[in-house]
Amino acid sequence: MEFLVSHKAYEAQNRYKALGFDGYSHMLFPSPENAYLETNITIEFKFDKNTDGVLLFAGSTKDSDFIAISIKNDSILLRFDCGEGTVEDLYRGPLEKNVWHSLHVFRKFCAQSEIQIDNRNAMTDDITELVHYKGITVDQGIFVGGATTEIVSLEEKAGTTSGFVGCIRKIVVNDVALLDSQEGINLSLDEATYCNLDEPKVYLGKKLVKKTDNTTDKKSGVNTFQSKNVGFSGNSYVQLLAPDDIDRYMELRISIKLKEPNGIIYFDRTWNRILAIYLENSFVFVLFSIGNDQTLLRSEFQLPLNVWKKLEVWRSGRAILLKVANQMWIEGRIFATDIQESATKTTYFGGAPMDVLPEQLKTMKGFFGCMRKICQNARMLHLHRDALVSVNTHDCGWNPCFEMSCEQSSRCINQHTSAVCLCKYPLRGKRCEYKNDVKFTTKAMRFSGISYLRFASREVMEHIMGETLNLRFTLRLQKLEYKSSQSSEQILVYAASNDNDGDYMKLRLLKDKKLELLVDLGSGVTVVSHPIILNEESWHDVVILREASQISLIVDELEVSTTATGDSTELNVYDSLFIGGALSGDKLYNGFKGCLRNIVIDSASVTHPEHASEAINLSEC
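In short: position in the sequence shown from 1, add 576, done, that's our numbering.
Next comes the structure, spelled out in structure tokens:
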């Protein structure tokens, strides 16, 4: 006997299946009414091969308003525009095949966004330069798995015109479930398209128009996508051809997001003229010189970290102007009379080679953060695409931990664009793949700059928070291969609730190999600087003493004392004490490089990593 299955019976049979997409299909869902100003999107998807494709698109068919989420080069690309410029964020993969992924994307106005996939770290973006328009107009609805060919400039908006290849089982927008295969919810405006994960896919829904024979495809396997948001790591730079008219005038507009407060943003020079834009302690400086005459501009306020800010610099003849975000224009002028014609051949962004920098900038690192929307002399620049030379740059939002697999469930931290596995003792190795089987015999612990001891027990923290403290240890610096100064400061002792927000104590080894103690009991920072320069050949005894507000730093029996600011006598830090380095949230501080022994916290002696609550990346000296 042969049975005929009605359409309703077919729908009931498939209502708990995910939707399937073959790269040429898409589904249309209604847009929640409150999605104009804010979109909070969750998509659960799965694929069995790596291809670029649109996951979600909503916006205007012909105008600039849109939000698009795509898979691009095994990463998540988010782009949106409220009418005054496209915001782009790239959340680096790779994405594992044949595994269900949960993607969360949040957009508020065009001023804030957040991307998170699975249980990885979220990537947030605060945009302060786009303030005039806040909403995104949605004409037809929310396209999923692809988008209609009626959308103007789809590739420019979404990064690809291809549809998604794989399965989608859940779509939630602003708490409205548009699709939930587990709950049997499907609000699609199109005929359903189902995906059977164990059998060949059944495609019933709307198809995109396939390319005709005379359409040229880009070669498969060739990575042609380059983000317009460029990331710099302090040792990066991009060299470009200078505009033809740069010697007559220079007008530069650029948006930057700082990760660190110091570094070179822009540099160009001729044989007798220099223009440099750089950061120092989060202030923006512009150095302009002609011959022996120079002027230096400084922004009125410091720039915050991890927030997009717009810079504008204008030069014409002897005049130079600077504008930072909403601050007033600042003007400077050169009074040199021996101006001679000379040609600027190249410009540098994010840093520059040491041999082209003037003496006053040779010790400065490059920019650490992201750049986008760069316009120079009425020409929009694409740093990746236009570069003559690109050194150590990457897509903004790239996280090296995506490409690192730390073993034994160890945590990975992005340390200056390098993946660092936090190996809990007795684990060791780059990926925590080895285990220390030999017991400590010397009672001296080696710290590598990415190591630390963390103490969180009540007994230890009572000493830190109380009115008295006697913390002592003996240290020996790591021998440098070349006789030069350290590249950065190193944390030796750290205790804080939040990074410099409220009470804290920090002992750091400066670049000149002197120790500096910073203590804030709630009324301001007190600094104790010690004059002794530590050498690499000897062990040095270090003691931190605190009796109420009286603070002392002792190095090799030489004591330097002072009184803390204010009336408070206690250090209100409740979380942890770090020795040899520190971790705050996702930030791993530059730790001590060398050996520590004879660690004593008041009367408690620390002679083994197991005496700490947590011992990370430690070995025996």
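The C-beta atom is built at its ideal place from N, Cα and C for all residues, glycine as well.
Beta strand (DSSP E) segment containing residue i, residue limits
{"i": "residue 834", "result": "825-834"}
{"i": "residue 1027", "result": "No beta strand (DSSP E) holds residue 1027; DSSP gives it neither H nor E."}
{"i": "residue 684", "result": "677-684"}
{"i": "residue 753", "result": "752-756"}
{"i": "residue 691", "result": "688-693"}
{"i": "residue 716", "result": "From DSSP, residue 716 is part of no beta strand (DSSP E); its letter is neither H nor E."}
{"i": "residue 865", "result": "859-866"}
{"i": "residue 849", "result": "849-856"}
Element boundaries [alpha helix (DSSP H), containing residue i]
{"i": "residue 733", "result": "730-734"}
CB of residue i within 9 Å of CB of residue j, strictly
{"i": "residue 752", "j": "residue 608", "result": "yes"}
{"i": "residue 746", "j": "residue 652", "result": "no"}
{"i": "residue 968", "j": "residue 1065", "result": "no"}
{"i": "residue 1106", "j": "residue 1121", "result": "no"}
{"i": "residue 1083", "j": "residue 1097", "result": "no"}
{"i": "residue 897", "j": "residue 873", "result": "yes"}
{"i": "residue 972", "j": "residue 833", "result": "yes"}
{"i": "residue 1090", "j": "residue 1109", "result": "yes"}
{"i": "residue 1026", "j": "residue 1157", "result": "yes"}
{"i": "residue 884", "j": "residue 946", "result": "yes"}
{"i": "residue 628", "j": "residue 674", "result": "no"}
{"i": "residue 644", "j": "residue 698", "result": "no"}
{"i": "residue 727", "j": "residue 615", "result": "no"}
{"i": "residue 1198", "j": "residue 1136", "result": "What is shown of the chain runs 577 to 1197, which leaves residue 1198 out entirely."}
{"i": "residue 934", "j": "residue 852", "result": "yes"}
{"i": "residue 1046", "j": "residue 1177", "result": "yes"}
DSSP state of residue i mapped onto helix, strand, coil
{"i": "residue 1043", "result": "coil"}
{"i": "residue 610", "result": "helix"}
{"i": "residue 977", "result": "helix"}
{"i": "residue 959", "result": "helix"}
{"i": "residue 1048", "result": "strand"}
{"i": "residue 630", "result": "strand"}
{"i": "residue 1135", "result": "strand"}
{"i": "residue 1038", "result": "helix"}
{"i": "residue 1106", "result": "coil"}
{"i": "residue 635", "result": "strand"}
{"i": "residue 1086", "result": "coil"}
{"i": "residue 582", "result": "Caution applies to residue 582, whose pLDDT of 31 falls short of 50 and renders its modelled position unreliable; the value that the coordinates give is listed next. Residue state, collapsed to three classes: coil."}
{"i": "residue 765", "result": "coil"}
{"i": "residue 1071", "result": "strand"}
{"i": "residue 742", "result": "strand"}
{"i": "residue 1064", "result": "coil"}
{"i": "residue 843", "result": "strand"}
{"i": "residue 815", "result": "strand"}
{"i": "residue 992", "result": "coil"}
{"i": "residue 777", "result": "For residue 777, the predicted structure reports a pLDDT of 40, less than 50, and the residue's modelled location is therefore unreliable. A value from the coordinates is still provided. In this structure, residue 777 counts as coil in the three-state DSSP scheme."}
{"i": "residue 984", "result": "coil"}
{"i": "residue 1078", "result": "coil"}
Separation of residue j from residue i, as counted between CA atoms
{"i": "residue 634", "j": "residue 861", "result": "41 Å"}
{"i": "residue 992", "j": "residue 893", "result": "39 Å"}
{"i": "residue 703", "j": "residue 901", "result": "11 Å"}
{"i": "residue 804", "j": "residue 655", "result": "11 Å"}
{"i": "residue 1185", "j": "residue 1039", "result": "20 Å"}
{"i": "residue 827", "j": "residue 889", "result": "6 Å"}
{"i": "residue 1147", "j": "residue 1042", "result": "7 Å"}
{"i": "residue 792", "j": "residue 738", "result": "In this prediction, residue 792 scores a pLDDT of 33, lower than 50, which makes its location untrustworthy; the coordinate-derived value is nonetheless stated afterwards. Approximately 14 Å, taken between the alpha carbons."}
{"i": "residue 1202", "j": "residue 1170", "result": "No statement about residue 1202 is possible, as the shown extent of the chain runs from 577 to 1197 and does not include it."}
{"i": "residue 694", "j": "residue 679", "result": "6 Å"}
{"i": "residue 835", "j": "residue 771", "result": "43 Å"}
{"i": "residue 718", "j": "residue 830", "result": "33 Å"}
{"i": "residue 713", "j": "residue 605", "result": "15 Å"}
{"i": "residue 808", "j": "residue 839", "result": "10 Å"}
{"i": "residue 663", "j": "residue 733", "result": "10 Å"}
{"i": "residue 923", "j": "residue 956", "result": "14 Å"}
{"i": "residue 612", "j": "residue 740", "result": "25 Å"}
{"i": "residue 690", "j": "residue 683", "result": "7 Å"}
{"i": "residue 710", "j": "residue 882", "result": "21 Å"}
{"i": "residue 944", "j": "residue 926", "result": "8 Å"}
{"i": "residue 1028", "j": "residue 1101", "result": "24 Å"}
{"i": "residue 715", "j": "residue 596", "result": "24 Å"}
{"i": "residue 1078", "j": "residue 877", "result": "22 Å"}
{"i": "residue 1193", "j": "residue 1112", "result": "22 Å"}
- Message: Threshold first: 3 residues or longer. Then list the beta strand (DSSP E) segments lying entirely within the segment 879-949, N to C.
- Response: 884-892, 895-900, 906-909 and 922-925
- Message: To test your reading of the DSSP string, which unbroken beta strand (DSSP E) runs of 3 or more residues are found completely within the segment 1108-1196?
- Response: 1116-1123, 1126-1131, 1134-1139, 1153-1155, 1169-1177, 1180-1182 and 1190-1192
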